[in-house]
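Chains as they are written, first to last, in this note's numbering: chain A, 2 to 379; chain B, 196 to 358. Glycine included, every Cβ here is placed at the ideal spot set by N, Cα and C.
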Amino acid sequence: MVSINYSSREVCCKIVYYGPGLSGKTTNLQYVHAKIPGTTRGDLISLATEADRTLYFDFLPINIGTINGFAAKFQLYTVPGQVYYNATRKLVLRGVDGVVFVADAQPDKMDENIDSLANLDENLAEYGYDLKSMPFVLQYNKCDLPNVMTLEQMDAKLNPTGVPSFMSSATEGTGVFDTLKMIIKLVLDKAKSGGGPARPNASAASAPSPGSSVSASSSAAPAQSVASAPTATSVATPPQQPDAPEVVREEVHQVGTPASAGTPVSAGTPVSAGTPASAVESAPVSEPASEPEQYRPYPGSQSQKIDVKDKKITPAAFTPAGDNIDSETPLEKKVVSEDTTGETSETDSLKSPIMAPSLKKTAPRKKRGFLKRLFGVR
Amino acid sequence: MADDSLVIYEEEIQQLESLISKMLKGCEAKCALLVDKDGHLITRQGFTHSLDTTALAALLAGSFASTKEIARLVGEPEFSILFHQGKKDNIHMSLVGDRSILVVIFDDRTTIGMVRLYARETSVELTKIFEQIKENPKGGASTAISDDFANMAQDKLDDIFQD
Chain A
2 MVSINYSSRE VCCKIVYYGP GLSGKTTNLQ YVHAKIPGTT RGDLISLATE ADRTLYFDFL
62 PINIGTINGF AAKFQLYTVP GQVYYNATRK LVLRGVDGVV FVADAQPDKM DENIDSLANL
122 DENLAEYGYD LKSMPFVLQY NKCDLPNVMT LEQMDAKLNP TGVPSFMSSA TEGTGVFDTL
182 KMIIKLVLDK AKSGGGPARP NASAASAPSP GSSVSASSSA APAQSVASAP TATSVATPPQ
242 QPDAPEVVRE EVHQVGTPAS AGTPVSAGTP VSAGTPASAV ESAPVSEPAS EPEQYRPYPG
302 SQSQKIDVKD KKITPAAFTP AGDNIDSETP LEKKVVSEDT TGETSETDSL KSPIMAPSLK
362 KTAPRKKRGF LKRLFGVR
Chain B
196 MADDSLVIYE EEIQQLESLI SKMLKGCEAK CALLVDKDGH LITRQGFTHS LDTTALAALL
256 AGSFASTKEI ARLVGEPEFS ILFHQGKKDN IHMSLVGDRS ILVVIFDDRT TIGMVRLYAR
316 ETSVELTKIF EQIKENPKGG ASTAISDDFA NMAQDKLDDI FQD
């Protein structure tokens, strides 16, 4: 399901590359990763075996920029193609918005293609999805090799419903972007119509949308560049249109979903990241209001340094030295220390020195103070 | 077809965020993420600016999903809590309702017990909010994705995807 976040103003879609083993799914992602500008993509994450076979999934987030005030983000996943990994393959399909089936165009691989396609249908059905109503694109890969089947031959075998199909060579890049563009188009078209034919009020839902979205975007676009949250509140409220079919559909999912799959999540994928308001509350230094287009490295070495500092200056480290104070001061001190520790931020190190004066007091008084406090408090 | 998107608005996000930041203050953890089981990040709080939260969300959701399958194989419907212990940082994941995962990242300034206690309390509150959202949908995807959204996206893609 497409996830829409009115707080950080993002639209996020999940696209899965499916297909038999060694058909070129990961190579597709590698090509996209290599060719698009660094500002529009995150890192390519591959959970692969030592022999570079996909074990769980590959993941490539791409952000194509702001459209109508909403950042359009796509998460590209691949599945492990080997028959053996069906369990993990199925997990990746959870919440998918669009599927690209990467078939191997060599004639002797046709059986594998057919099996894999049947497996896709089966796995989708377990989540209550239907391939016929899902944005779906076929890619016939390895067209750079000799003796591969033609588009028509492949379509005849694999594409009875006539979904968009492309010949491609993932290593050389032929057809890779065409496939991706097409699946993104289909996913967005579907998201726009709110589920297409399956949705009873599709026309009713889409009719008012142009007006409301235009107004939303016109007021949001300038706001977003500065700080997303404050203005987003006012923008977020307009869509008050009651949407009964959503509820209905969700029930349907729950019915159609086997216990193991538990797809009701379908009903929605909220997302939010911006959070300037609360970010300030918890961490004054953190979260710049405008979410960066580029993805930051993880983990940051800076944060590690800070941790060490924090640890040294933690109020707990001062407690033995602070025994000197008379019965009332410990309470004050306690308050201060709670304040500082309560914040999970860099400011710990800045605030902690406030307690330093208590260290200056002399050793003899320390003991008296300790006893006094010990008995006084009790 | 599970193709619908439940849209969460500013108001609900703020409720979720205030609960999470309260939890962070209480258990003195480093940061917390609220992740959808599909791998989308819902919200995050605390010290997250050095993290690639997009990838983190996808991987955590994947990790949770595979654990669920493991649970099924040993006859459990689902493991509701997952804990990764590291040398310095630890990750505590707990299920929120049936669709989201609350992820708390913490170091040795606090303890697993504190995190678990606060996470459990917060999960209950978060679940209530998610239930409210589920019961009272305010609108659909159509409000955000207008008719020309796909066309404009195509134009952008043409610019980006140049061989």
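The three-state secondary structure of A/Val100, taken from DSSP, is strand.
Less than 8 Å divides the Cβ of A/Thr28 from the Cβ of A/Thr172. Residue state for A/Cys13 is assigned as strand, using DSSP reduced to three classes. As summarised for the stretch 91–175 of chain A, the continuous alpha helix (DSSP H) elements at least 4 residues long and confined to that stretch are 111–127, 152–159, given in chain order. Of the candidates B/Arg311, B/Val269, B/Glu273, B/Gly257, the residue whose Cα lies closest to the Cα of B/Lys263 is B/Glu273. Assignment of B/Tyr204 by DSSP, reduced to helix, strand and coil, places it in the coil class. Taken through DSSP and simplified to helix, strand or coil, A/His34 comes out as helix. Under the three-state reduction of DSSP output, A/Met2 falls in the coil class, being neither helix nor strand. The three-state reading of DSSP puts B/Asp231 in strand, counting E and B together. One alpha carbon belongs to A/Lys74, the other to B/Ser289, and they sit about 26 Å apart. B/Glu205 sits buried, since 16 or more C-beta atoms from the chains shown fall within 10 Å of its C-beta. At a cut-off of 8 Å, the C-beta of B/Tyr204 has a neighbouring C-beta in chain A. Taking a contact as a CB-CB distance under 8 Å, the pair B/Ala253 and A/Phe60 counts as one, their CB atoms being some 5 Å apart. Membership of B/Asn285 in the beta strand (DSSP E) is indicated by the continuous run 285–291. When A/Asn142, A/Asp112, A/Asp131 are compared, the shortest CA-CA separation from A/Leu94 is found for A/Asp131. Residue contact with chain B for A/Asp190: present (Cβ-Cβ distance below 8 Å to some residue of chain B). Look at the stretch 22–86 of chain A and you find these whole runs of beta strand (DSSP E), each 3 residues long or longer: 46–49, 55–68, 71–79. Between A/Asn142 and A/Ala104, the C-beta gap is smaller than 8 Å, which places the two residues in contact. The same chain holds no residue with a CB closer than 8 Å to that of B/Asp354 once the five nearest residues on each side in sequence are set aside. Here A/Gln83 is near A/Gly22, since their CB atoms are less than 8 Å apart. DSSP places B/Thr238 in no alpha helix (DSSP H) but in the uninterrupted beta strand (DSSP E) bounded by 236–241. If you draw a 10 Å sphere on the C-beta of B/Ile265, you find fewer than 16 other C-beta atoms in it, and that means exposed. Using a CB distance cut-off of 8 Å, A/Arg54 does not count as an interface residue toward chain B.
The stretch 47–56 of chain A makes no contact with the stretch 119–134 of chain A: fewer than 3 CB pairs, one atom from each, lie closer than 8 Å.
In its chain, beyond the 5 residues on either side, Gln76, Tyr78, Gly96, Val97, Asp98 have a beta carbon closer than 7 Å to the beta carbon of A/Lys15.
Excluding five sequence positions before and after A/Phe58, the CB atoms of its chain that fall closer than 7 Å to its own CB belong to Leu48, Tyr78, Thr79, Val80, Val93, given in chain order. For B/Phe274, no chain A residue has a C-beta closer than 8 Å to its own C-beta; the minimum C-beta separation is roughly 13 Å. Rounded to the nearest whole angstrom, the CA to CA distance from A/Pro136 to A/Tyr19 is 13 Å.
The Cβ of A/Asn6 sits closer than 8 Å to at least one Cβ of chain B.
The CB of A/Ala157 never comes closer than 8 Å to any CB in chain B; the least such distance is about 27 Å. Assignment of B/Val269 by DSSP, reduced to helix, strand and coil, places it in the coil class. For B/Asp303, the closest of B/Glu207, B/Gly281, B/Gln209, B/Lys329 by C-alpha to C-alpha distance is B/Gly281. Within the same chain, Cβ atoms closer than 8 Å to the Cβ of B/Thr238 are found at Ile208, Leu211, Glu212, Ile215, Leu228, Leu229, the five residues on either side in sequence being excluded. DSSP places B/Ile355 in the uninterrupted alpha helix (DSSP H) bounded by 344–355.
Taking 8 Å as the CB threshold, B/Ala314 stays off the interface with chain A.
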